[in-house]
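Asker: This structure is in structure tokens; I'll ask about it shortly.
Chains as they are written, first to last, in my numbering: chain A, 59 to 153; chain B, -18 to 388.
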């Protein structure tokens, strides 16, 4: 969900996503790169995101990811589930 | 514990070369960026690379996980369907053979060859053929040329293809169908058009042979004209045309080729249906016997007819599954190849059904995959090849978008 959410804002590459996850959650989500890439590839295999290569300095290519329509729909669905879950847990804990 | 060693170990876990290459490119970019940042924070090169290795985790485990993601099964249900259709065909043929060892032997050989071909094509994938698009294009145009030239020249080339021209020409169409879908696909986009073609030069030799063997002035002139057209076509392709026009001109004759083959079959079916009492239209087989027309064979019992209907139902399921999967295929060439292969198979099936319903008389066309090892061994191999291409397209993902094809 967090990966899809980040990609709705702009196209990003793996390293950038890790940094954003770490900084955006005050260090709570310090995910290892070895965990992120299989997730990205699985999301792409499922058609939730697509990748494209952009040329960077020294003629090297960098792989950027973009969320697809299918991914957007999936994000809305997961967000809805998460909000329900969060509300229910919060309600229970706050009692 | 340097970056290169990490990537080498990871690569060893991945089977497909293009996946290896893409994963290596992506992860090396990440690792180098991470190492540079750590060095700028004060670490040495060695310490930085060690820290990056640690962040990435175990290369063996990561490689194995990525390999699983990128090695989807080539449609197990389709494979099961192909297996069932071949079994059904084998059962029917065994009944028809009635202990004829020659038929049984040929059928066994065809099935073994089919299994090997299926495994090889599914494993290597259609991109293997696309990377050799130029050679395949030359072969495809060559077969079309060899196929059509004698017809244009009056279908009388006894010195080249013998008296039994009808039958031998017919068989060529199966070979042609083997190459056609991928040949069309490879010329589908202007970006992939072969840069230089041999087409004109390549066929000068057969043109010369056909010309020398011509028996009349008309044949001679047709051969000369065909040779001139081929040569001019090649010159125009290689000198004048832009990539887009070249791609369009390359695709056009192949597309016309497949439709002419289909129409030709339809015409022959129609001719035999109209003139079904004219024995001279029925060609002989290799043993000099008249080829059986009408139903599959006159002695089929109702249970065997049921088997044929069962086979047709299996094929219908195959068609529905493939048609449903088609929009989901993300690789554009894969989608295109699947569509073409399916079209070829369905056209052949339609003729078979019409023949079985006695609308048309049979002229060697039969249910795809069903008559393995009989007179249509080549057809069986052709079917297997087309279905293998479809299955290999199922394995394709847009993540590594047919990269080798573009090179």
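Where a beta carbon is used, it is the ideal one built from N, C-alpha and C, also for glycine. Small disclaimer: the values here were computed from a predicted structure and weren't measured.
1) Against residue 50/B, what residues of chain D qualify as contacts under a CB-to-CB distance less than 8 Å, listed in chain order?
2) If you measure between the beta carbons of residue 65/A and residue 114/A, is that distance less than 9 Å?
3) Check the Cβ-Cβ distances between residue 119/A and every residue of chain B, and say whether any is below 9 Å.
4) Quick check on residue 38/B - is its C-beta less than 9 Å from some C-beta in chain A?
5) Which residues does DSSP list as the beta-bridge partners of residue 107/A?
6) Please tell me whether residue 81/B has its Cβ less than 9 Å away from any Cβ of chain A.
7) So residue 131/A contacts chain B; which residues on that side make the cut at Cβ distance below 9 Å?
8) Would you grab the beta carbon distance between residue 16/B and residue 3/B for me? Rounded to a whole angstrom, and I think it's under 8 Å.
9) Kindly say whether residue 145/A, judged by its beta-carbon, lies nearer than 9 Å to any beta-carbon of chain B.
10) Is there at least one Cβ from chain B nearer than 9 Å to residue 124/A's Cβ?
11) Taking all protein chains shown into account, decide if residue 58/B is buried (16 or more other Cβ within 10 angstroms of its Cβ) or exposed.
12) Rounded to a whole number of angstroms, what is the C-alpha to C-alpha distance between residue 117/B and residue 211/B?
13) Closest by CA to residue 120/B, which one among 231/B, 45/B, 328/B?
14) Considering Cα atoms alone, identify which of 237/B, 287/B, 358/B, 375/B is closest to residue 304/B.
15) I want to know whether the stretch 59 to 70 of chain B touches the stretch 118 to 135 of chain A - three or more CB-CB distances under 8 Å.
16) Tell me the rounded alpha-carbon separation between residue 201/B and residue 214/B.
17) Helix, strand or coil: which one does DSSP assign to residue 274/B?
18) Under DSSP, the alpha helix (DSSP H) around residue 71/A begins and ends at which residues?
19) Helix, strand or coil: which one does DSSP assign to residue 310/B?
20) If you drop the 5 nearest sequence neighbours on each side, which residues of the same chain put their C-beta closer than 8 Å to that of residue 153/A?
21) Which first and last residues belong to the alpha helix (DSSP H) in which residue -2/B is found?
22) Which residues of chain A have a Cβ atom closer than 8 Å to the Cβ of residue 6/B, listed in chain order?
Answerer: Quick look at the numbers:
1) Reference to chain D is not applicable here, since the protein chains of this structure are A and B.
2) no
3) yes
4) yes
5) 125/A
6) no
7) Those do not exist, as residue 131/A stays about 16 Å from chain B at its closest Cβ, beyond 9 Å.
8) About 21 Å separates the two Cβ atoms, so there is no contact after all.
9) no
10) no
11) exposed
12) 17 Å
13) 231/B
14) 375/B
15) no
16) 20 Å
17) Any reading at residue 274/B must be qualified, since the residue scores a pLDDT of 41, below 50, and its modelled position is unreliable; the value itself is stated next. Residue 274/B: coil per DSSP, three-state reduction.
18) Note, residue 71/A: premise wrong, no alpha helix (DSSP H); not H, not E.
19) coil
20) none
21) -2 to 21
22) 119, 121
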